[in-house]
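All remarks here apply to the structure that follows.
Protein chains in written order, with the numbering used here: chain W, 20 to 126; chain A, 31 to 428.
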């Protein structure tokens with residue numbers, strides 16, 4: 020069932036550090052960052068939340084983005100996601116959001 | 031005449047701020063996380079306030095986290111940074127000038143196995159950057175130095191200390207609760223990583239504070255829960271108070287030079303008058319201090335006596351920290367500056383705000399010398415300190 024794969028030495032276009040931020044910040048930040056990236060660009064997301072190991076690959080599948088893999092360091096995980104397509108997606112399953120109006124709400 | 035000269039304790043709420051808050055206490059009651067218009071409007075109000083507060087201290091909006099108070103901001107800074115960086119090192123530097131929200135957080139961390147160095151000020155309450163530098167070890171993860179002392183008014187050389195912190199790759203926090211809204215505060219210019227502030231120090235409401243957290247600074251939340259404040263501070267936001275803080279920030283940003291000039295004039299006139307009284311010492315730095323802040327030690331009598339007799343005349347002042355007024359202890363800040371305990375007991379603090387007038391200051395200058403005279407007549411030390419353990423009279427020169 021696990022869709023997790025490990026990678027090394029991926030060069031990201033953008034890095035977001037949310038180490039010590041709790042669930043569901045990993046999904047909200049991911050959603051926010053992916054909206055800003057261009058198709059094909061790679062996001063590196065740093066988080067120490069282990070629930071992300073399950074959530075992020077699943078989120079990528081649901082939203083049509085490409086989950087490249089995760090690199091584990093002693094203190095946190097580095098997730099790599101490549102932006103694909105231009106699907107509208109929901110950050111948290113079951114919670115639909117209006118576009119734009121909500122932009123910037125996670126800060 | 032009623033004269034409120036305790037503006038470092040709190041400020042009255044401005045009419046404009048009150049008006050701006052009202053809708054959010056009534057019809058605009060939505061939860062900022064709700065996705066329907068009522069919630070969206072509440073969120074937009076908070077984001078506007080965030081912009082106003084960010085502008086006041088020259089930060090990015092994403093670097094401002096709202097808290098319930100300055101004390102919470104200080105607790106968040108100390109504990110949040112200590113816990114997040116404890117695997118890098120477990121040494122923290124604070125000073126003897128700090129507010130209890132910093133000091134007691136540091137003491138709590140000591141109990142958990144952190145080591146804390148308490149840096150001592152000079153006789154003017156100035157923390158010298160070289161003393162901070164000397165305290166740094168390989169284990170140091172955080173330096174926290176107050177920006178301006180509410181007790182003696184001294185403004186600390188934060189920029190220089192932050193530079194040292196940066197050179198040693200140490201996180202720098204400053205408690206700017208007494209300075210934000212009273213002097214210009216620019217987080218980029220100061221070079222700090224974290225900065226605490228409180229709305230009621232610049233005519234905003236109580237119950238609203240904020241902390242500046244420089245982009246990229248890892249911190250562990252003090253309050254866990256929802257996604258409010260970017261996951262850094264959970265709990266449904268105090269929307270009216272945050273809106274009030276924003277409006278107060280915008281107004282004070284605009285009026286700061288004018289406000290500083292106004293309170294400086296009042297302060298200078300008071301100091302001029304009070305210093306004519308014998309055996310009164312001015313405490314804190316003579317020039318580099320908050321513009322509306324005058325603090326003294328009056329010999330042979332106690333601060334509390336003066337405070338109560340002034341209050342009977344409608345003049346509201348402070349005798350210093352909570353230690354002094356509630357526990358009747360000599361102020362640790364004054365003691366750390368080398369002021370002898372028996373002199374420190376005569377501490378009295380006048381702080382001015384935008385609502386004060388010269389007429390009020392003149393009234394205080396008529397009443398205050400008579401009160402001192404009266405109290406000294408009753409004092410067992412009316413003829414000097416002879417017979418006290420400490421002996422001699424004057425403030426020690428360090």
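The beta-carbon is built from N, C-alpha and C at its ideal position, and this holds for glycine as well.
Computed from a predicted structure; not experimentally measured.
Query raised in the report: Helix, strand or coil: which one does DSSP assign to residue 202 of chain A?
Result: For residue 202 of chain A, the three-state secondary structure derived from DSSP is strand.
Query raised in the report: Going by beta carbon distance, what residues of the same chain come within less than 8 Å of residue 121 of chain W, once the five residues before and after it are set aside?
Result: Low per-residue confidence applies at residue 121 of chain W: pLDDT is 40, beneath 50, and the placement is therefore not dependable enough to give any value.
Query raised in the report: Is the shortest distance between the beta-carbon of residue 87 of chain W and the beta-carbons of chain A less than 8 Å?
Result: Nearest CB-CB separation between residue 87 of chain W and chain A: not below the 8 Å threshold.
Requested in this report: Assuming residue 347 of chain A and residue 340 of chain A form a contact by the criterion Cβ under 8 Å, report the distance between their Cβ atoms to the nearest whole angstrom.
Outcome: Going by Cβ atoms, the distance from residue 347 of chain A to residue 340 of chain A rounds to 6 Å, so yes, they are a contact pair.
Query raised in the report: So what's residue 371 of chain A in DSSP terms, helix, strand or just coil?
Result: Residue state, collapsed to three classes: helix.
Query raised in the report: Between the Cα of residue 108 of chain A and the Cα atoms of A:146, A:81, A:210, which residue gives the shortest distance?
Result: Out of A:146, A:81, A:210, A:146 has the C-alpha closest to the C-alpha of residue 108 of chain A.
Report task. Report the residue from A:331, A:267, A:34 whose alpha carbon sits nearest the alpha carbon of residue 410 of chain A. Result -> The residue with the shortest Cα to Cα distance from residue 410 of chain A is A:331.
Query raised in the report: Run through DSSP, which three-state label would residue 138 of chain A get?
Result: Residue state for residue 138 of chain A is assigned as helix, using DSSP reduced to three classes.
Query raised in the report: With a cut-off of 8 Å, does the C-beta of residue 6 of chain W fall near any C-beta of chain A?
Result: Any property of residue 6 of chain W remains undetermined from this structure, which presents chain W solely from 20 to 126.
Query raised in the report: For chain W, is any of its Cβ atoms less than 8 Å away from the one on residue 75 of chain A?
Result: Chain W contact via Cβ: absent.
Query raised in the report: If you pair each beta-carbon of the segment 83 to 94 of chain W with each one of the segment 33 to 51 of chain A, do three or more pairs fall below 8 Å?
Result: Touching, no, given that fewer than three Cβ pairs across the two stretches are closer than 8 Å.
**Report entry** Helix, strand or coil at residue 85 of chain A [DSSP, three-state]
**Finding:** Residue 85 of chain A: helix per DSSP, three-state reduction.
Report task. Please report how far the alpha carbon of residue 381 of chain A lies from the alpha carbon of residue 350 of chain A, in whole angstroms. Result -> Cα to Cα, residue 381 of chain A sits roughly 11 Å from residue 350 of chain A.
Query raised in the report: Which residues, in order along the segment 39 to 58 of chain W, keep a beta-carbon less than 7 Å from a beta-carbon of chain A?
Result: Flagged, chain order: 39, 40, 41, 43, 44, 47.
Report task. Output the boundary residues of the alpha helix (DSSP H) element that contains residue 113 of chain A. Result -> Counting along the chain, residue 113 of chain A sits inside the alpha helix (DSSP H) bounded by residues 100 to 114.
Query raised in the report: Under a CB-based cut-off of 8 Å, is residue 261 of chain A close to chain D?
Result: Checking the listed chains, one finds no chain D in this structure; the protein chains it contains are W and A.
Query raised in the report: Which two residues bound the contiguous beta strand (DSSP E) that contains residue 172 of chain A?
Result: DSSP places residue 172 of chain A in the uninterrupted beta strand (DSSP E) bounded by 170 to 176.
Report task. Tell me, to the nearest whole angstrom, how far the beta carbon of residue 94 of chain A is from that of residue 84 of chain A; I am working on the premise that it is less than 8 Å. Result -> Between residue 84 of chain A and residue 94 of chain A the Cβ distance is about 5 Å, and since that is below 8 Å, they are a contact.
Requested in this report: Could you tell me if residue 73 of chain W is buried or exposed, where buried requires 16 or more neighbouring beta carbons within 10 angstroms of its beta carbon?
Outcome: It counts as exposed.
Query raised in the report: Do residue 154 of chain A and residue 125 of chain A come within 8 Å of each other at the CB atom, strictly closer than that value?
Result: Not a contact, by the Cβ cut-off of 8 Å.
Query raised in the report: Going along the segment 101 to 118 of chain A in order, which residues come within less than 9 Å of chain W, judged by CB to CB distance?
Result: The segment 101 to 118 of chain A vs chain W, Cβ under 9 Å: 110, 113, 114, 117.
**Report entry** Range covered by the alpha helix (DSSP H) that runs through residue 45 of chain W
**Finding:** 44 to 55 is the span of the alpha helix (DSSP H), which, as asked, contains residue 45 of chain W.
Report task. Would you decide whether residue 32 of chain W is buried or exposed? Buried here means 16 or more other CB atoms lie within 10 Å of its CB. Result -> Counting of Cβ neighbours within 10 angstroms places residue 32 of chain W among the exposed residues, the total staying below 16.
Requested in this report: Flag this pair as yes or no: are the beta carbons of residue 177 of chain A and residue 223 of chain A separated by less than 8 Å?
Outcome: Residue 177 of chain A places its beta carbon 8 Å or farther from that of residue 223 of chain A.
Query raised in the report: Hey, out of A:386, A:402, A:415, A:406, whose CA is closest to residue 33 of chain A's CA?
Result: It is A:386 whose Cα lies nearest to the Cα of residue 33 of chain A.
Report task. Determine, using beta carbons only, whether residue 69 of chain W comes closer than 8 Å to chain A. Result -> Not a single CB atom of chain A sits nearer than 8 Å to the CB of residue 69 of chain W.
Query raised in the report: How is residue 121 of chain A classed by DSSP in three states: helix, strand or coil?
Result: Judged by DSSP in its simplified three-state form, residue 121 of chain A adopts strand.
Report task. Report all residues from its chain with a CB closer than 6 Å to the CB of residue 85 of chain W; omit the five preceding and five following residues, and keep chain order. Result -> 101, 103.
Requested in this report: Could you list the residues in the segment 132 to 160 of chain A with a C-beta less than 7 Å from some C-beta on chain W, going in chain order?
Outcome: Within the segment 132 to 160 of chain A, no residue qualifies.
Requested in this report: Indicate whether the contact test is met: 3 or more Cβ pairs, each with one atom in the segment 249 to 258 of chain A and one in the segment 37 to 46 of chain W, closer than 8 Å.
Outcome: Flag = yes, the segment 249 to 258 of chain A and the segment 37 to 46 of chain W touch.
Report task. May I ask which residues mark the beginning and end of the alpha helix (DSSP H) holding residue 248 of chain A? Result -> No alpha helix (DSSP H) contains residue 248 of chain A, which DSSP labels as neither H nor E.
Report task. Below 8 Å between beta carbons is the criterion; list the residues of the segment 223 to 250 of chain A that meet it against any residue of chain W, in chain order. Result -> Residues of the segment 223 to 250 of chain A with a C-beta less than 8 Å from any C-beta of chain W: 246, 248, 249, 250, listed in chain order.
Query raised in the report: Can you tell which of W:82, W:58, W:70 has the C-alpha that lies nearest to the C-alpha of residue 23 of chain W?
Result: Of the candidates W:82, W:58, W:70, the residue whose Cα lies closest to the Cα of residue 23 of chain W is W:70.
Query raised in the report: According to DSSP, what are the bridge partners of residue 36 of chain A?
Result: Answer is A:381, bridged to residue 36 of chain A.
Query raised in the report: Between residue 163 of chain A and residue 203 of chain A, what straight-line distance do the alpha-carbon atoms span, to the nearest angstrom?
Result: A direct Cα-to-Cα measurement between residue 163 of chain A and residue 203 of chain A gives close to 15 Å.
**Report entry** CA-to-CA distance, residue 75 of chain W to residue 211 of chain A, given in whole angstroms
**Finding:** Whole-angstrom Cα-Cα distance: 43 Å.
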